[in-house]
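Start counting the sequence shown at 15; every next residue gets the next number (the working numbering).
For glycine and all other residues, C-beta sits at the position ideal for the given N, C-alpha and C.
Written out below as structure tokens is the structure these notes cover.
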Amino acid sequence: MAAGAIATGDPIIYTFTFSEAVRNFTAADIEVTNGTKGTFTEVTGNVYTLVVTPIPDIAGDLTVAIAAASAQDTAGNPSPSAQTVVPVDTIIAGETFKVTSFDPNPSGFVLTFNDDLNLGVLNLYRGLDLANPLAPVTDLPDLILTDSAGNIINGSLIWDQGNANTLTFVKTGDILAPGNYTLTLESRRDGFVTTNGRLLDGNEDGFSGGNYVQNFTVNSPTAPVLTLPDFSRAPGQEVNKPAGGGQFAPLPIRITNPGGVDNISFTLQYDPDLLVVTDANVVASGWSFTSNPTIDPLTGRAEFTLSGSALNASTDLITLDARVRETATYGAKGVLQILPGGGLVGDSAVQLVALVGDTTKTQEYLSTDAALISRVNVGLDTGFRAFPVTDPLIIGDVTGDGRLDAGDTTSVRRAAVGLSSPFLPPLPLG
Numbered sequence: 015m016a017a018g019a020i021a022t023g024d025p026i027i028y029t030f031t032f033s034e035a036v037r038n039f040t041a042a043d044i045e046v047t048n049g050t051k052g053t054f055t056e057v058t059g060n061v062y063t064l065v066v067t068p069i070p071d072i073a074g075d076l077t078v079a080i081a082a083a084s085a086q087d088t089a090g091n092p093s094p095s096a097q098t099v100v101p102v103d104t105i106i107a108g109e110t111f112k113v114t115s116f117d118p119n120p121s122g123f124v125l126t127f128n129d130d131l132n133l134g135v136l137n138l139y140r141g142l143d144l145a146n147p148l149a150p151v152t153d154l155p156d157l158i159l160t161d162s163a164g165n166i167i168n169g170s171l172i173w174d175q176g177n178a179n180t181l182t183f184v185k186t187g188d189i190l191a192p193g194n195y196t197l198t199l200e201s202r203r204d205g206f207v208t209t210n211g212r213l214l215d216g217n218e219d220g221f222s223g224g225n226y227v228q229n230f231t232v233n234s235p236t237a238p239v240l241t242l243p244d245f246s247r248a249p250g251q252e253v254n255k256p257a258g259g260g261q262f263a264p265l266p267i268r269i270t271n272p273g274g275v276d277n278i279s280f281t282l283q284y285d286p287d288l289l290v291v292t293d294a295n296v297v298a299s300g301w302s303f304t305s306n307p308t309i310d311p312l313t314g315r316a317e318f319t320l321s322g323s324a325l326n327a328s329t330d331l332i333t334l335d336a337r338v339r340e341t342a343t344y345g346a347k348g349v350l351q352i353l354p355g356g357g358l359v360g361d362s363a364v365q366l367v368a369l370v371g372d373t374t375k376t377q378e379y380l381s382t383d384a385a386l387i388s389r390v391n392v393g394l395d396t397g398f399r400a401f402p403v404t405d406p407l408i409i410g411d412v413t414g415d416g417r418l419d420a421g422d423t424t425s426v427r428r429a430a431v432g433l434s435s436p437f438l439p440p441l442p443l444g
């Protein structure tokens, strides 16, 4: 057994020895943390024992303590205080907390665990704590994806509100480039840990603690690839992107590596609680729908079949008429996934329910939002504290040019004082 580990089911007998006989000392005078009191026995007038069983599934110190004056000798003199602490890395209760499946896809991967995660402590990015702005920004990422050169691959984490044991990682932008990748999950108390405190057993040695490391390879796509952009829009806002001159264009689905394809069928899966898709339009020259699109607002599935002249260059294929559902929870995230027909590769994209540029998650534009974008731009932060598992590019790239820069800062700063910006869409009504 690892040093310091305590195995659940193996009770510990604590002995309390006083220098002389005492009175009025009971189990109620003993405080136990991370353990359960069992049999309390008076062995002699000055020796007592207590059986303590470690609580299952707790990673932490097992502490047994008695306060001063918990007992008195025959003359009425109070006993001193005492405490014993057993530091534990692991308290084992059968199966440890671990990854049960890793399923890669063109845009990232899906992880499944055998217990519910404490989602509130996870972060991919570190940002300034506005409640304590003088505190150092030192949060380490809990999930790290790198390529063979050691470059970090940015993305976002998404989970279903009712399913805390499954995480989806979606790379920002296009699909993963061909090559070898290494995924690391950090097992620590502010990282991958269950809701009841069990650390991830990433190396599956039977003890809590140990990072999870997964290597995988992405091959070059040999088929046409369908992609769509990540976006951030508030409830009620149209889903679009800046098109220059204060104009906005509908969300496109683009084809790359077309290889002469002349007909395509695919399904777009989205979260109907977050997004409303009302229509689609073909924008590829010489192409048209061969049947009317089928859009189911209840299941969040839109099916498209179209054809045209052979495509040999990357181009926007269709655009979507869509808006964020008015009742969507501010700050929620969803995944838009292209489920391709035969001979195609489908991308996934992230939908963030928030005003683009609202880095503080206050549902309005503040000068602070612009300042936080500047901090990421100059490398003081890697993201925004209000969105710790969302790529800051999705929320902060107001101009839509694929980076955070002075243009984004200027746009948000103007909005904060009531001025218009050609890159910020109209605010939702109400």
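Return the CA-CA distance between residue i and residue j, expressed in angstroms with no decimal places.
i      : j      : result
Phe262 : Pro235 : 31 Å
Thr343 : Ile80  : 48 Å
Ile409 : Asn119 : 24 Å
Thr329 : Gly224 : 45 Å
Thr308 : Arg339 : 19 Å
Phe32  : Phe39  : 11 Å
Asp143 : Ala149 : 7 Å
Ile172 : Leu350 : 11 Å
Asn177 : Gly259 : 43 Å
Ser153 : Gly193 : It is Asp, not Ser, that sits at residue 153 in the sequence shown. Near 29 Å, if we compare the C-alpha coordinates of Gly193 and Asp153.
Pro402 : Val61  : 53 Å
Ala85  : Thr67  : 24 Å
Gly355 : Leu133 : 34 Å
Arg247 : Ala420 : 21 Å
Leu64  : Pro94  : 18 Å
Gly357 : Asn48  : 56 Å
Glu378 : Val370 : 10 Å
Val275 : Asn326 : 8 Å
Asn391 : Asp156 : 22 Å
Pro311 : Phe318 : 15 Å
Ser425 : Ala298 : 32 Å
Asn109 : Gly220 : Here residue 109 turns out to be Glu, not Asn, going by the sequence shown. Roughly 7 Å separates the two Cα atoms.
Gly348 : Leu125 : 16 Å
Arg203 : Thr404 : 21 Å
Could you tell me which of the options sits nearest to residue i, measuring between CA atoms?
i      : options                           : result
Pro272 : Gly220, Tyr284 and Ser321         : Ser321
Val151 : Asn217, Arg399 and Val412         : Arg399
Phe206 : Tyr139, Val291, Val135 and Thr186 : Val135
Pro147 : Thr423, Leu407, Gly300 and Asp395 : Asp395
Ala324 : Phe54, Asn233, Asn277 and Gln228  : Asn277
Glu252 : Phe116, Asn391 and Gln365         : Gln365
Arg268 : Asn233, Gly187, Leu289 and Ser222 : Gly187
Asp117 : Asn91, Ile167, Arg140 and Phe183  : Phe183
Asp285 : Asn391, Gly414, Thr341 and Phe54  : Thr341
Arg140 : Leu443, Gly393, Gly414 and Thr424 : Gly393
Pro256 : Thr29, Gly414, Gly59 and Thr333   : Gly414
Asp131 : Arg315, Tyr28, Val113 and Ile26   : Note that residue 131 corresponds to Leu in the displayed sequence, not to Asp. It is Val113.
Buried or exposed: where does residue i fall if 16 or more other Cβ atoms within 10 Å of its Cβ makes it buried?
i      : result
Ser305 : exposed
Pro238 : buried
Val431 : exposed
Ile189 : buried
Phe230 : exposed
Ala83  : exposed
Glu200 : buried
Ile105 : With a pLDDT of 47 at Ile105, under the threshold of 50, the modelled position of that residue is not reliable, and the figure given next carries that caveat. Its Cβ being crowded by 16 or more others within 10 Å, Ile105 is buried.
Ile166 : exposed
Ala17  : With a pLDDT of 33 at Ala17, under the threshold of 50, the modelled position of this residue cannot be trusted, and the question is left open.
For residue i, name the three-state secondary structure that DSSP assigns.
i      : result
Leu441 : coil
Asp174 : strand
Arg399 : coil
Ala149 : coil
Ser381 : helix
Ile167 : coil
Ile106 : Because the pLDDT at Ile106 is just 48, under 50, the model does not fix this residue reliably, and the point stays unresolved.
Asn391 : helix
Gly410 : helix
Thr446 : Missing from the structure shown is residue 446; the chain here goes from 15 to 444 and no further.
Ala82  : coil
Val253 : coil
Leu453 : The question about residue 453 has no answer, for the chain in this structure spans 15 to 444.
Looking at residue i and the ligand COA, is the gap between the Cβ and the nearest heavy atom below 7 Å?
i      : result
Leu125 : Ligands in the displayed structure: none, and consequently the ligand COA is not present.
Is it true that the stretch 147-163 meets the stretch 241-251, where meeting means three or more beta-carbon pairs spaced less than 8 Å apart?
No, because fewer than three Cβ pairs between the stretch 147-163 and the stretch 241-251 fall closer than 8 Å, the two stretches do not touch.
Please determine if the stretch 415-431 and the stretch 384-392 are in contact, where contact requires at least 3 C-beta pairs separated by less than 8 Å.
Under the three-pair Cβ rule at 8 Å, the stretch 415-431 counts as touching the stretch 384-392.
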